[in-house]
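Asker: Sharing a structure, written as structure tokens. Questions coming.
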Amino acid sequence: MKFFFPKQTDFFELFDNASRNVIKGASLLVAVLQDMDNLEIISKAVRECEKEGDFMTHDIIKKLNKTFITPIDREDLHALAIKIDDVIDLIWACVERFTIFKLQKPTPEAVSMARELMATTEVMSKAVTALRNKKYSFVQEYCIEINSLENRIDRLYRETLVKLFEEADPIFIIKWKEVYEYLESASDACEDVANILEAIVLKYA
Amino acid sequence: MKFFFPKQTDFFELFDNASRNVIKGASLLVAVLQDMDNLEIISKAVRECEKEGDFMTHDIIKKLNKTFITPIDREDLHALAIKIDDVIDLIWACVERFTIFKLQKPTPEAVSMARELMATTEVMSKAVTALRNKKYSFVQEYCIEINSLENRIDRLYRETLVKLFEEADPIFIIKWKEVYEYLESASDACEDVANILEAIVLKYA
Amino acid sequence: MKFFFPKQTDFFELFDNASRNVIKGASLLVAVLQDMDNLEIISKAVRECEKEGDFMTHDIIKKLNKTFITPIDREDLHALAIKIDDVIDLIWACVERFTIFKLQKPTPEAVSMARELMATTEVMSKAVTALRNKKYSFVQEYCIEINSLENRIDRLYRETLVKLFEEADPIFIIKWKEVYEYLESASDACEDVANILEAIVLKYA
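Residue numbers (this note's numbering), protein chains in the order written: chain E, 1 to 205; chain G, 1 to 205; chain B, 1 to 205.
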């Protein structure tokens with residue numbers, strides 16, 4: 001996999017940084033759900049992560065476009081950068097909804113989903129680090145773990161929706177349905193990252 | 001198109017199987033709408049189709065990544081596998097909503113949309129088989145048919161929404177709107193499959 | 001960038017036409033919001049733009065698939081065609097909602113968002129023309145402008161949602177939320193176009 005690492009740019013270091021930024025966002029999401037009184041401050045911190053993620057992604061893509069690598073590698077690395085960024089974007093969109101919808105009290109379901117999401121981002125980051133360190137069998141193990149975490153969040157999401165629709169207030173339903181959808185999409189995006197990592201390992205390892 | 005068929009893997013046989021699995025899911029969707037009393041049993045069967053689709057897609061992608069073909073072919077075949085899988089995923093998401101939302105009686109609009117969708121998946125499968133058999137002009141004809149079926153579902157969806165919003169109960173609206181959206185998205189995904197098939201024929205035939 | 005322009009097809013002329021078609025759609029969207037009495041007529045005109053966009057996109061993709069260019073260029077040009085078409089599709093979906101939801105009076109927020117969107121499509125079209133004329137530094141400047149317009153629409157969207165959820169009528173909320181989402185997505189699609197243009201300039205200029 002040497003051709004991956006042109007001397008001037010260590011792309012996997014950049015991916016590593018981007019993944020750790022996602023963990024930070026996910027932890028802040030869990031924090032805000034446990035401490036809605038500090039919504040404004042924590043929300044700003046998540047916004048910073050989202051901006052940092054954008055900056056990192058543009059940096060990676062710029063360097064990819066300026067680096068001589070084969071089209072097929074570029075495609076994979078490009079997709080990886082975009083998907084890691086999607087996770088933090090969706091976390092930010094979720095947190096932003098608390099302010100937009102003036103949600104003052106978290107639901108226990110949101111807390112559970114956010115915790116599982118944080119765990120998923122941690123495994124995702126481990127998988128990226130393993131790829132950086134060329135520990136390919138570890139990459140595959142972490143990807144399987146991400147898939148099983150994603151399945152768990154999926155089930156949780158489904159149960160959460162059943163409970164949500166027992167509510168009588170349609171506006172409450174609209175608001176929280178959107179929050180849960182963002183949490184579920186963020187988890188889906190982690191699974192997409194895992195799929196790309198698996199494909200890279202299969203192709204080049 | 002010989003380079004498409006390395007001796008070890010007949011990708012088009014795999015696509016053929018995946019398409020037939022989608023038809024099965026679409027038929028079960030029609031069945032469940034005509035027999036909501038058996039929701040639980042039929043729902044499980046659709047879930048099996050969805051899992052089977054996942055399995056088939058991973059198998060195709062794994063084999064693609066392990067097979068020496070040019071990047072551009074790989075991209076097309078990869079996109080085809082993903083999109084066929086999207087159709088069955090959306091059918092499953094739709095069926096799952098009946099349970100989550102505790103819908104007990106189908107609407108006539110849902111039945112009509114599901115029937116048109118089943119017809120679309122049948123033509124989609126015919127198009128894939130035609131590609132497998134190198135009947136390229138048939139592929140193109142079936143793709144045109146898929147496009148016109150998709151337009152019909154689109155119109156149906158629009159009329160269905162008009163009728164839905166004449167309802168007074170917002171929660172009823174939220175639930176059925178989501179069901180109709182999945183039906184419409186499944187039909188869109190069939191059209192995406194048709195577009196990829198057309199592109200493959202244009203490029204290689 | 002000569003290899004981009006095989007004698008038989010000037011792709012950038014085609015992109016130029018497609019972008020101007022998007023401006024037309026965006027202007028009609030602004031017009032309809034200022035004159036809801038003529039919804040039916042103006043709506044038909046937007047529908048024509050959407051169909052024209054489809055036709056142009058298929059034409060570009062067909063020609064791309066028939067032209068000998070390297071895979072990586074093709075990917076970029078293909079993505080550009082699809083994304084420009086997404087903008088007009090989303091504008092049409094938005095306008096269609098006025099009829100489906102029987103909206104009779106525009107909100108001031110929808111007018112503001114539509115105006116900003118029209119401005120964005122104008123800059124997008126300028127960026128495409130600049131690429132056609134090989135004025136690469138202008139392309140980059142216009143792309144930065146698109147990004148800042150997109151940020152403005154994002155903020156507007158957020159404020160609009162806050163105001164919308166102060167309404168008591170959930171069905172009103174459902175309807176207008178969807179309209180605003182389409183406006184925001186159209187603006188996102190313009191940003192995607194800008195990202196592709198920037199990548200093309202970076203890679204080939």
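From the three backbone atoms N, C-alpha and C, an ideal C-beta is built for every residue, glycine too. These numbers come from a predicted model, not from an experiment.
Going along the chain, which unbroken runs of the alpha helix (DSSP H) with 4 or more residues stay wholly within the region 97-166 of chain G?
Answerer: Qualifying alpha helix (DSSP H) stretches, in chain order: 108-132 and 136-164.
Asker: Is the distance from the Cβ of Val95 of chain E to the Cβ of Ser43 of chain E below 8 Å?
Answerer: For this step, residue 95 of chain E is matched to residue 95 along the first sequence. For this step, residue 43 of chain E is matched to residue 43 along the first sequence. Closer than 8 Å, so yes.
Asker: Take Phe12 of chain B as the anchor and find which of B:Asn38, B:Asp54 and B:Ala81 has the nearest alpha-carbon.
Answerer: Here residue 12 of chain B is taken as the residue at index 12 of the third sequence, counted from 1. Comparing Cα-Cα distances from Phe12 of chain B to each of B:Asn38, B:Asp54 and B:Ala81, the minimum goes to B:Ala81.
Asker: Would you kindly work out how many angstroms separate the C-alpha atoms of Glu141 of chain G and Ser125 of chain G, rounded to a whole number?
Answerer: Taking the first residue of the second sequence as position 1, residue 141 of chain G is located at position 141. Taking the first residue of the second sequence as position 1, residue 125 of chain G is located at position 125. Approximately 13 Å, taken between the alpha carbons.
Asker: Whole-angstrom Cβ separation of Leu28 of chain G and Asp59 of chain G, contact assumed at under 8 Å?
Answerer: Taking the second sequence and counting its residues from 1, the one referred to as residue 28 of chain G is at position 28. Taking the second sequence and counting its residues from 1, the one referred to as residue 59 of chain G is at position 59. Not a contact, Cβ separation roughly 22 Å.
Asker: Please state whether DSSP places Asp86 of chain B in a helix, a strand or coil.
Answerer: In the third sequence, residue 86 of chain B corresponds to position 86, counting from 1. Asp86 of chain B falls in the helix class under three-state DSSP.
Asker: Considering Cα atoms alone, identify which of G:His78, G:Arg20 and G:Tyr204 is closest to Glu52 of chain G.
Answerer: Working through the second sequence from its first residue, we reach residue 52 of chain G at position 52. With distances taken between Cα atoms, Glu52 of chain G lies closest to G:Arg20.
Asker: Could you tell me whether the Cβ atoms of Leu33 of chain B and Ala93 of chain B are closer together than 8 Å?
Answerer: Stepping through the third sequence from its first residue, residue 33 of chain B is reached at position 33. Stepping through the third sequence from its first residue, residue 93 of chain B is reached at position 93. No.
Asker: Between Asp16 of chain B and chain E, is the shortest Cβ-Cβ distance under 8 Å, so that the two count as touching?
Answerer: As a position in the third sequence, residue 16 of chain B is number 16, starting the count at 1. No - not a single Cβ of chain E is within 8 Å of the one on Asp16 of chain B.
Asker: Secondary structure at Phe68 of chain E, three-state DSSP: helix, strand or coil?
Answerer: Looking up residue 68 of chain E in the first sequence gives position 68. Coil at Phe68 of chain E, not helix or strand.
Asker: Would you report the Cα separation of Ile23 of chain B and Glu122 of chain B, rounded to the nearest angstrom?
Answerer: What you label residue 23 of chain B is simply residue 23 of the third sequence in a count that begins at 1. What you label residue 122 of chain B is simply residue 122 of the third sequence in a count that begins at 1. Their backbone Cα atoms lie some 6 Å apart in a straight line.
Asker: In this structure, how does DSSP classify Thr57 of chain G when only helix, strand and coil are distinguished?
Answerer: Taking the second sequence and counting its residues from 1, one reaches residue 57 of chain G at position 57. DSSP places Thr57 of chain G in helix when its eight states are reduced to three.
Asker: Taking Asp10 of chain B as the reference, give the member of B:Thr67, B:Lys102, B:Glu191 and B:Ala127 with the closest Cα.
Answerer: Translated into positions along the third sequence, residue 10 of chain B becomes position 10. Considering only alpha carbons, the answer is B:Thr67.
Asker: Please list, in chain order, the residues of the region 146-168 of chain G that have any C-beta partner in chain B closer than 7 Å.
Answerer: Cβ contacts with chain B come from Arg158, Leu161, Val162 and Phe165.
Asker: Specify whether the region 161-169 of chain G and the region 73-88 of chain G touch according to this definition: at least 3 beta carbon pairs, one from each stretch, less than 8 Å apart.
Answerer: At 8 Å Cβ cutoff, the stretches do not touch.
Asker: Go through its chain and collect everything with a Cβ distance to Phe5 of chain E's Cβ below 6 Å, but skip five positions before and after it.
Answerer: Numbered from its first residue, the first sequence carries residue 5 of chain E at position 5. Low confidence applies to Phe5 of chain E: its pLDDT is 47, below 50, so where it sits in the model is not reliable enough to give any reading.
Asker: What is the DSSP secondary structure of Asp35 of chain B, counted as helix, strand or coil?
Answerer: Walking along the third sequence from the start, residue 35 of chain B turns up at place 35. Of the three classes helix, strand and coil, the one that applies to Asp35 of chain B here is coil, per DSSP.
Asker: Since Ala194 of chain G meets chain B, which of its residues come closer than 8 Å, beta carbon to beta carbon?
Answerer: Within the second sequence, numbered from 1, the residue matching residue 194 of chain G stands at position 194. Within chain B, no residue comes near Ala194 of chain G; the closest Cβ sits about 12 Å away, beyond 8 Å.
Asker: I need the DSSP call for Asp73 of chain E, collapsed to helix, strand or coil.
Answerer: By one-based count along the first sequence, residue 73 of chain E stands at place 73. Three-state DSSP puts Asp73 of chain E in a helix.
Asker: Which bits of chain G does Leu202 of chain E rub up against, with CB to CB less than 8 Å?
Answerer: Along the first sequence, read from residue 1 onward, the residue named residue 202 of chain E stands at position 202. Chain G residues near Leu202 of chain E: Lys62, Asn65 and Lys66.
Asker: Give me, in chain order, the residues of the same chain whose beta-carbon lies closer than 8 Å to that of Met36 of chain E; leave out the 5 immediate sequence neighbours on both sides.
Answerer: Locating residue 36 of chain E in the first sequence gives position 36, counting from the first residue. Counting only Cβ-Cβ distances below 8 Å, and skipping sequence neighbours, we find Phe98, Leu103, Gln104, Lys105 and Pro106.
Asker: Under 8 Å between C-beta atoms, does Ala79 of chain B make it to chain E?
Answerer: The residue given as residue 79 of chain B occupies position 79 in the third sequence. Cβ-Cβ to chain E under 8 Å: no for Ala79 of chain B.
Asker: Using C-beta distances below 7 Å, list every residue in its chain close to Asn17 of chain G, excluding the 5 sequence neighbours before and after it, in chain order.
Answerer: Taking the first residue of the second sequence as position 1, residue 17 of chain G is located at position 17. Same-chain partners within the cutoff: Met56.
Asker: Are the beta-carbon atoms of Cys49 of chain G and Thr120 of chain G separated by less than 8 Å?
Answerer: Taking the second sequence and counting its residues from 1, one reaches residue 49 of chain G at position 49. Taking the second sequence and counting its residues from 1, one reaches residue 120 of chain G at position 120. The answer is no: Cβ separation not under 8 Å.
Asker: Is the separation between the beta-carbon of Ile100 of chain G and that of Leu183 of chain E shorter than 8 Å?
Answerer: On the second sequence, position 100 is the one that residue 100 of chain G refers to. On the first sequence, position 183 is the one that residue 183 of chain E refers to. No, these two residues do not count as a Cβ contact at 8 Å.
Asker: Would you identify the three-state DSSP class for Ala189 of chain G, choosing helix, strand or coil?
Answerer: Numbered from 1 along the second sequence, position 189 holds the residue referred to as residue 189 of chain G. If DSSP states are grouped into helix, strand and coil, Ala189 of chain G belongs with the helices.
Asker: How would you list, in chain order, the residues of chain E whose beta-carbon sits under 8 Å from the beta-carbon of Pro170 of chain B?
Answerer: In the third sequence, counting from the first residue as 1, residue 170 of chain B sits at position 170. Residues of chain E passing the Cβ test: Pro170, Ile171 and Ile174.
Asker: Using alpha carbons as the reference points, say which of B:Thr129, B:Glu40 and B:Ile61 lies closest to Ile196 of chain G.
Answerer: For the purposes of this step, residue 196 of chain G is taken as residue 196 along the second sequence, with counting starting at 1. Comparing Cα-Cα distances from Ile196 of chain G to each of B:Thr129, B:Glu40 and B:Ile61, the minimum goes to B:Ile61.
Asker: Under the three-state reduction of DSSP, which class applies to Asp10 of chain G: helix, strand or coil?
Answerer: One-based indexing of the second sequence puts residue 10 of chain G at position 10. In this structure, Asp10 of chain G counts as coil in the three-state DSSP scheme.
Asker: Using CA coordinates, which residue listed in G:Val30, G:Asn38, G:Val139 and G:Glu145 is at the minimum distance from Leu202 of chain G?
Answerer: For the purposes of this step, residue 202 of chain G is taken as residue 202 along the second sequence, with counting starting at 1. Nearest option by C-alpha distance: G:Val139.
Asker: Is Ala168 of chain B helix, strand or coil by DSSP?
Answerer: Along the third sequence, one-based indexing puts residue 168 of chain B at 168. Looking at Ala168 of chain B - three-state DSSP - the assignment turns out to be coil, as it is neither helix nor strand.
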